[in-house]
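Heads up, the thing below is written out as structure tokens.
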Amino acid sequence: MKNYGETIRTIRLKKNMPQKVLYQDILSKSYAIRLEQGKHDISFYLLLKILARFPMEIDEFLYIHQNYQESETEWFYEEFSKRGNQTDSTALFSLKEHYLKTYTEHSADHPWKLQLDARLDQLVYYQETNKLTKDSVSLQTTTKIKQTLSSIQSWTIEDFRFFANTLDLLDSTDRVLYFQSILPAMDRYKNFEKARNVICVLLVNAIHELIEDFHIEGIPALLTTLYDFSDKAHQMFFRNYYHFYLGLWQILTNHPNGEKKARAAIELLKQMDYHYHTEILTLTLTRTLRQKETNSTD
């Protein structure tokens with residue numbers, strides 16, 4: 001990959017900005033020339049000062065530096081989400097093969113590999129039985145995932161993503177305990193735009209698992225957090241999920257209009273052509289109503 005200085009030069013020339021204007025009081029003329037030639041490195045502090053002269057945020061600079069591509073982390077999770085949410089394991093097998101060839105330096109316990117292994121176990125079992133269950137994941141993979149989660153001391157976006165994709169392997173009690181401990185960490189990321197969608201996905205997955213387990217008492221706190229994290233216009237997708245799960249919680253706690261609220265959320269997804277999500281939420285509503293009816297007759 002090219003040096004940061006070469007990318008700075010490309011941006012500077014496209015903006016018709018003289019070297020003196022960009023680097024004055026930051027770098028000497030000779031250092032700036034060698035930086036743009038890729039012969040010098042630069043500290044993060046000085047990089048930020050230079051970018052402020054354009055002006056440009058660091059995220060945009062890195063996007064340009066990577067030839068207008070997202071980071072490897074963003075790429076992995078985008079592909080994992082797209083292929084892992086299919087019922088055919090072929091696409092996910094292909095991603096794992098690409099991963100193993102590309103990231104040979106990663107250990108066997110790397111979080112990306114653990115997520116791939118767990119999801120593949122589930123999809124292969126689903127193709128054979130038409131059932132999706134955590135019991136289909138190998139004991140070795142499940143153990144490594146639990147060890148990875150228990151070793152996290154300070155939660156980052158990467159940790160939130162890992163938890164979102166593996167929390168279904170934990171029992172409901174452990175999930176609730178984890179969320180009680182990480183809610184403060186989530187709140188610290190509320191003003192970091194890049195983290196909001198990641199945390200919304202985690203909350204949606206967590207609420208779904210609590211609904212499936214009929215663990216009603218753990219739901220309100222997560223619903224409140226999801227509502228808070230989906231308060232911007234471009235997060236309407238997650239706000240709709242909030243209303244769906246609020247409807248399910250109302251069904252389970254005998255509040256009126258719960259089913260109506262849940263069906264309205266499904267209809268909105270249908271109108272927006274989110275077919276996969278429409279199907280998943282319809283099945284979830286059906287199971288919830290069936291479970292509610294069963295509990296009422298017991």
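Numbering-wise, full-length UniProt numbering puts 42 at position 42 of the sequence shown, and it's gapless, one number per residue.
Don't be surprised by glycine CBs; every beta carbon is placed ideally from N, CA and C.
Expressed to the nearest angstrom, what Euclidean distance is found between the alpha-carbon atoms of residue i and residue j?
i, j, result
"Asp117", "Lys232", "35 Å"
"Thr284", "Ile26", "58 Å"
"Ala264", "Lys194", "29 Å"
"Glu279", "Lys270", "9 Å"
"Thr141", "Leu120", "11 Å"
"Arg161", "Leu202", "7 Å"
"Gly218", "Pro256", "20 Å"
"Ile152", "Ile33", "43 Å"
"Phe179", "Ala91", "32 Å"
"Asp187", "Thr288", "30 Å"
"Ser154", "Asn16", "43 Å"
"residue 310", "Asn165", "With the chain running from 1 to 298 in the structure shown, residue 310 is simply not present."
"Asp159", "Pro184", "14 Å"
"Tyr23", "Leu62", "19 Å"
"Leu100", "Gly84", "17 Å"
"Ala129", "Ser136", "Per the sequence shown, the amino acid found at residue 129 is Thr instead of Ala. Going by the C-alpha atoms only, they are around 11 Å apart."
"His208", "His65", "38 Å"
"Gln291", "Leu139", "29 Å"
"Ile145", "Gln86", "22 Å"
"Ile42", "Asn3", "10 Å"
State the CB to CB distance for the pair residue i and residue j, rounded to an integer number of angstroms; the pair is presumed to be in contact (CB under 8 Å).
i, j, result
"Leu182", "Tyr189", "The question names Leu, but residue 182 in the sequence shown is Ile. That belief does not hold up - the Cβ atoms of Ile182 and Tyr189 are roughly 10 Å apart, past 8 Å."
"Glu6", "Gly38", "5 Å"
"Lys131", "Leu169", "About 16 Å; that fails the 8 Å criterion."
"Phe229", "Arg196", "5 Å"
"Leu268", "Asn240", "6 Å"
"Trp249", "Leu223", "7 Å"
"Val124", "Ser81", "Contact doesn't hold; Cβ gap of about 18 Å is too wide."
"Val204", "Phe238", "7 Å"
"Ala262", "Phe244", "5 Å"
"Asp213", "Ser150", "So it is not a contact: roughly 20 Å between Cβ atoms."
"Ile216", "Thr253", "6 Å"
Give the range of the alpha helix (DSSP H) segment to which residue i is assigned.
i, result
"His243", "236 to 252"
"Leu226", "219 to 229"
"Ile182", "172 to 188"
"Thr104", "Here Thr104 belongs to no alpha helix (DSSP H), and DSSP marks it neither H nor E."
"Asn197", "193 to 212"
"Gly5", "4 to 14"
"Ala264", "258 to 271"
"Tyr126", "111 to 129"
"Ser136", "Here Ser136 belongs to no alpha helix (DSSP H), and DSSP marks it neither H nor E."
"Lys232", "From DSSP, Lys232 is part of no alpha helix (DSSP H); its letter is neither H nor E."
"Ile157", "157 to 166"
"Ser89", "From DSSP, Ser89 is part of no alpha helix (DSSP H); its letter is neither H nor E."
"Ser81", "72 to 84"
- Task: Please confirm if the region 41 to 60 is in contact with the region 7 to 19, defined as three or more CB-CB distances below 8 Å between the two stretches.
- Result: With a cut-off of 8 Å, the region 7 to 19 and the region 41 to 60 count as touching, because enough Cβ pairs lie within range.
- Item | Cβ contact (3+ pairs, closer than 8 Å) linking the region 94 to 113 and the region 73 to 84 | yes
- Which residue spans inside the UniProt domain "HTH cro/C1-type" (8 to 61) form an unbroken beta strand (DSSP E) run of at least 3? Qualifying beta strand (DSSP E) stretches: none in this window.
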